[in-house]
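Chemist: Here the numbering used here = 1-based position in the sequence shown + 59.
By construction, the Cβ of each residue, glycine as well, lies at the ideal position given by its N, Cα and C atoms.
Supplied in structure tokens, the structure appears directly below.
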Amino acid sequence: MDGDLRRPTVASRFGFDRSLPGLSECLRGERQLSEVVYKLNGSGLWFLPAGRAPENPLDLMQSGRLPELLDRLGKFFDWIVIDTPPVVPVADTTFWMRLADGVLVVIREGVSEKKVIERALDSFDHAALLGVVVNSCSRSDHTDYYSRYGQATIGTGDGPPSAENG
Numbered sequence: 060m061d062g063d064l065r066r067p068t069v070a071s072r073f074g075f076d077r078s079l080p081g082l083s084e085c086l087r088g089e090r091q092l093s094e095v096v097y098k099l100n101g102s103g104l105w106f107l108p109a110g111r112a113p114e115n116p117l118d119l120m121q122s123g124r125l126p127e128l129l130d131r132l133g134k135f136f137d138w139i140v141i142d143t144p145p146v147v148p149v150a151d152t153t154f155w156m157r158l159a160d161g162v163l164v165v166i167r168e169g170v171s172e173k174k175v176i177e178r179a180l181d182s183f184d185h186a187a188l189l190g191v192v193v194n195s196c197s198r199s200d201h202t203d204y205y206s207r208y209g210q211a212t213i214g215t216g217d218g219p220p221s222a223e224n225g
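Structural data, given as structure tokens:
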């Protein structure tokens with residue numbers, strides 16, 4: 060689901076026209092949910108675009124229809140992944156987080172600033188945190204991944220006993 064009603068991008072990333080009716084039209088009562096949920100061919104996934112950007116997205120989200128819409132979707136889908144605007148500075152994301160069962164934070168290496176990430180993480184209940192994804196990593200060579208662990212030593216007498224040293 061594209062939950063970014065200000066700057067929707069998910070429809071175009073899936074190859075759809077940005078003007079495709081979606082969530083905004085459902086929340087305004089202009090379309091039925093069954094009219095705006097689209098199946099992505101060959102993937103087994105379904106998609107709900109943001110639709111036409113409203114003048115005041117937060118007002119539309121707080122109209123009272125969004126929780127009911129999510130409940131209806133939850134009857135048909137095991138997982139609903141909502142792509143939201145950035146946590147900081149947009150208040151819309153805080154509203155989405157109150158409706159969601161969990162939060163997956165996505166940051167971009169070299170772009171996301173540490174203080175902004177910290178503010179974002181402080182803005183919601185950490186019990187809801189599912190994890191953090193780092194996108195656009197500049198380092199693609201992981202050949203030295205295990206080298207930082209060093210060589211294992213067996214039977215030094217230091218540390219807890221193991222099967223090798225008794």
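Exposed or buried, which one is Leu104 when buried takes at least 16 other CB atoms within 10 Å?
Modeler: Walking along the sequence shown from the start, residue 104 turns up at place 45. The residue in question, Leu104, is exposed, as its Cβ has fewer than 16 Cβ neighbours within 10 Å.
Chemist: For the 8 Å Cβ check, are there 3 or more pairs between the region 144-160 and the region 112-121?
Modeler: Enough Cβ pairs lie closer than 8 Å, so yes.
Chemist: Going by the DSSP bridge assignment, what does Gly190 pair with across the sheet?
Modeler: If you number the sequence shown from 1, residue 190 lands on position 131. Leu163, per the DSSP bridge assignment.
Chemist: Using CA coordinates, which residue listed in Val162, Lys134, Leu132 and Trp138 is at the minimum distance from Pro144?
Modeler: For this step, residue 144 is matched to residue 85 along the sequence shown. Pro144 has its Cα closest to that of Val162, out of Val162, Lys134, Leu132 and Trp138.
Chemist: Give the DSSP-derived three-state secondary structure of Ala211 in the structure shown.
Modeler: Residue 211 sits at position 152 when you count from the first residue of the sequence shown. Its pLDDT being 49, under 50, Ala211 is placed unreliably by the model, and nothing is read from it.
Chemist: Measure how close the beta-carbons of Ser171 and Val146 come, nearest whole angstrom, since I'm counting them as under 8 Å.
Modeler: Counting from 1 along the sequence shown, the entry for residue 171 is found at position 112. Counting from 1 along the sequence shown, the entry for residue 146 is found at position 87. So it is not a contact: roughly 11 Å between Cβ atoms.
Chemist: Do Gly74 and Val1 come within 8 Å of each other at the CB atom, strictly closer than that value?
Modeler: Residue 1 lies beyond the residue range present for the chain, which begins at 60 and ends at 225; the question has no answer from this structure.
Chemist: So what's Leu125 in DSSP terms, helix, strand or just coil?
Modeler: Looking up residue 125 in the sequence shown gives position 66. Reduced to three states, the DSSP call for Leu125 is helix.
Chemist: Between Glu89 and Ser197, what straight-line distance do the alpha-carbon atoms span, to the nearest angstrom?
Modeler: The sequence position of residue 89 within the sequence shown is 30, counting from 1. The sequence position of residue 197 within the sequence shown is 138, counting from 1. Taking the straight line joining both Cα atoms gives about 44 Å.
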